[in-house]
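Engineer: Per my numbering, the sequence shown runs over residues 110 to 264.
We treat Cβ as the ideally placed atom computed from N, Cα and C, and that holds for glycine.
Supplied in structure tokens, the structure appears directly below.
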Amino acid sequence: MNKKGVTLVEIIFTIVLVLIVSSFSFASYRIWQKRVSLNNTTQEMSSGLMRAQQLATAAANNTDWGVHLEVDRYVIFSGTFYNEIDPDNIIKDLGGIEIQNPNDSFTDGSGGRIPDVLFYKFSGQTANTGTIHLIAPLESSDGKTIEVKSSGQID
């Protein structure tokens with residue numbers, strides 16, 4: 110007997126196979142997307158730190174410049190301390206990437222830990238050395254770090 114067409118079992122099998130392949134593809138795409146976002150945010154944050162250092166070195170507004178860290182953003186500020194209500198603050202959102210333990214990122218120069226790094230005017234150096242740890246939520250195995258040294262070098 111000569112049959113033409115496909116059976117219901119073959120159709121269901123094909124649909125299940127397509128769904129399985131699609132779910133793996135989507136999961137891989139989301140992981141790739143988080144990694145790209147983490148890399149881009151790390152580069153943007155390094156640039157923000159360098160911008161604050163450049164403003165301090167140029168003595169913009171005749172003052173020091175710094176960066177304040179929060180879990181989901183960082184703030185470039187002028188002056189010797191962070192003032193959250195200063196209208197001149199430059200706020201940068203991290204777009205879904207998080208800073209791990211921002212309050213412990215930098216030394217305060219006397220043995221404590223703080224979420225701020227302050228670059229001195231003219232020299233661009235800092236007493237607030239430390240490491241910033243960036244993570245993509247739900248992908249905690251991957252992370253990036255940015256190190257700030259006393260010379261002002263940002264790695």
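Indicate the three-state DSSP secondary structure (helix, strand or coil) for F215 in the structure shown.
Structural biologist: Residue mapping note: residue 215 aligns to position 106 of the sequence shown, counting from 1. Residue state, collapsed to three classes: strand.
Engineer: Between the C-alpha atoms of G239 and Y138, what's the straight-line distance to the nearest angstrom?
Structural biologist: Along the sequence shown, one-based indexing puts residue 239 at 130. Along the sequence shown, one-based indexing puts residue 138 at 29. Each residue's Cα considered, the two are about 33 Å apart.
Engineer: Return the CA-CA distance between G204 and G252, expressed in angstroms with no decimal places.
Structural biologist: The residue given as residue 204 occupies position 95 in the sequence shown. The residue given as residue 252 occupies position 143 in the sequence shown. So the alpha carbons of these two residues sit roughly 15 Å apart.
Engineer: Using a Cβ-Cβ cutoff of less than 6 Å, which residues in the same chain neighbour V176 once the five nearest sequence positions on both sides are dropped?
Structural biologist: Position 67 of the sequence shown holds residue 176. Excluding sequence neighbours, V176 sits near L158, A161, Y183, I185, V226.
Engineer: Taking its Cβ as the centre, do 16 or more other Cβ atoms sit within 10 Å of A136, making it buried, or is it exposed?
Structural biologist: Here residue 136 corresponds to residue number 27 of the sequence shown, with the count starting at 1. Counting Cβ neighbours within 10 Å, A136 comes out exposed, since fewer than 16 surround it.
Engineer: Taking the DSSP output, what are the residues bridged to Q209?
Structural biologist: Indexing the sequence shown from 1 puts residue 209 at position 100. Answer by DSSP bridge pairing, in chain order: H242.
Engineer: For M154 and I129, I'd like the C-alpha separation in whole angstroms.
Structural biologist: Locating residue 154 in the sequence shown gives position 45, counting from the first residue. Locating residue 129 in the sequence shown gives position 20, counting from the first residue. C-alpha of M154 to C-alpha of I129: approximately 38 Å in a straight line.
Engineer: Quickly, what does DSSP pair R222 with across the bridge? List them, please.
Structural biologist: Along the sequence shown, one-based indexing puts residue 222 at 113. Paired residue(s): T216.
Engineer: Going along the chain, which unbroken runs of the alpha helix (DSSP H) with 4 or more residues stay wholly within the segment 117-170?
Structural biologist: List check, alpha helix (DSSP H) in window: 117-166.
Engineer: Going along the chain, which residues of its own chain have a beta-carbon closer than 8 Å to the beta-carbon of S260, five neighbours each way excluded?
Structural biologist: Numbered from its first residue, the sequence shown carries residue 260 at position 151. The answer, listed in chain order, is Q234.
Engineer: Secondary structure at V180, three-state DSSP: helix, strand or coil?
Structural biologist: By 1-based counting over the sequence shown, the position of residue 180 is 71. Coil.
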